[in-house]
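If you read the sequences in order, they're chains A and B.
In the numbering used here, each number is its position in the first sequence, counted from 1, plus 1214.
In the numbering used here, each number is its position in the second sequence, counted from 1, plus 8.
Where a beta carbon is used, it is the ideal one built from N, C-alpha and C, also for glycine.
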Amino acid sequence: GAGVSQSPSNKVTEKGKDVELRCDPISGHTALYWYRQSLGQGLEFLIYFQGNSAPDKSGLPSDRFSAERTGGSVSTLTIQRTQQEDSAVYLCASSWLEGEKLFFGSGTQLSVL
Amino acid sequence: GQQVMQIPQYQHVQEGEDFTTYCNSSTTLSNIQWYKQRPGGHPVFLIQLVKSGEVKKQKRLTFQFGEAKKNSSLHITATQTTDVGTYFCAGSSSNTGKLIFGQGTTLQVKP
């Protein structure tokens, strides 16, 4: 595709429910990153993939968070048993190679009620 | 772990004044990148610096990478209202592709 695509753009869920966020990177980009941004805050690193492998998962806030990437393309970020503090914008970005310039998607605004 | 600190957090300037944001890393970086995020938007790549002491210019924007490759700065000359937004630096260490962002500097420009 022309850019990084994320879905849904908005997600409202109830506390305790599971949510799945999807990221479709730019075709051919080998590296894929997930960040979280709370209102008015910076970008908090969650995880990155090189191909289908995740060399660094250190940013995942708890074991309720998991992510996978299949076929070196689409990635999903799953949050189990959502909590109110999970409310934020979840941004996905991709790059040709790890460490190179990132192209960001428009993000998923997650609201946990 | 690797940390990237950015100051100031906020800056309000009169249109036409200059603006500078500073970025410091706790570890030596292989490269540093700068991004701009407009209100309601997502971060957009501005530039990447790789070499020690490197200086790059984009019109009114000047980017510097420190000699020790642990700090960087972005300077905007004669700000315009279109410069409004949050500027982030992001760095990665040589042994990892993990890109850590600073907290960002939010620039407000009064016309």
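Not a single CB atom of chain A sits nearer than 8 Å to the CB of B:Asn-103.
Closest by C-alpha distance to A:Val-1233, out of A:Ala-1307, A:Pro-1222, A:Thr-1322, A:Thr-1292, is A:Thr-1292. Listed in chain order, the non-local C-beta contacts of B:Tyr-30 below 6 Å within the same chain comprise Ile-15, Ser-81, local neighbours out to five positions each way being set aside. Around the beta carbon of B:Lys-44, 16 or more other beta carbons sit within 10 angstroms, so the residue counts as buried. DSSP places B:Gln-66 in the strand class (E or B) of the three-state scheme. Here A:Thr-1322 carries a strand assignment [DSSP, helix/strand/coil]. Non-local beta-carbon contacts of A:Phe-1263 in its own chain, meaning distances under 6 Å to residues more than five positions away in sequence, involve Leu-1246, Arg-1283 in chain order. Residues of chain A with a Cβ closer than 8 Å to the Cβ of B:Gly-110 are, in chain order, Gly-1256. Close CB contacts of B:Lys-106 within its chain, under the 8 Å cut and outside five residues either way in sequence, are with Gln-10, Ser-100 (chain order). One finds Phe-1259, Tyr-1262, Asp-1270 in chain A with Cβ atoms closer than 7 Å to the Cβ of B:Lys-106, taken in chain order. In the DSSP assignment, the residues bridged to A:Asp-1238 are A:Ser-1219. The Cβ of B:Pro-47 sits no closer than 8 Å to any Cβ of chain A.
Contact of A:Ala-1281 with chain B is not assigned, every C-beta pair being separated by 8 Å or more.
Contact between the region 58 to 78 of chain B and the region 1217 to 1236 of chain A is absent: fewer than 3 CB-CB pairs across the two stretches fall below 8 Å.
Interface annotation for the region 1305 to 1317 of chain A against chain B: Leu-1305, Ala-1307, Ser-1309, Leu-1311, Glu-1312, Gly-1313, Glu-1314, Lys-1315, Leu-1316, Phe-1317, criterion Cβ-Cβ distance under 9 Å. Boundaries of the beta strand (DSSP E) harbouring A:Asp-1270: 1267 to 1270, taken from the DSSP string. DSSP places B:Thr-90 in the helix class (H, G or I) of the three-state scheme. For the region 82 to 97 of chain B, the set of residues with a beta-carbon nearer than 7 Å to any beta-carbon of chain A comprises Phe-96, in chain order.
Residues of chain B with a Cβ closer than 8 Å to the Cβ of A:Ala-1245 are, in chain order, Gly-105. Secondary structure at A:Gln-1297: coil, using DSSP grouped into helix, strand and coil.
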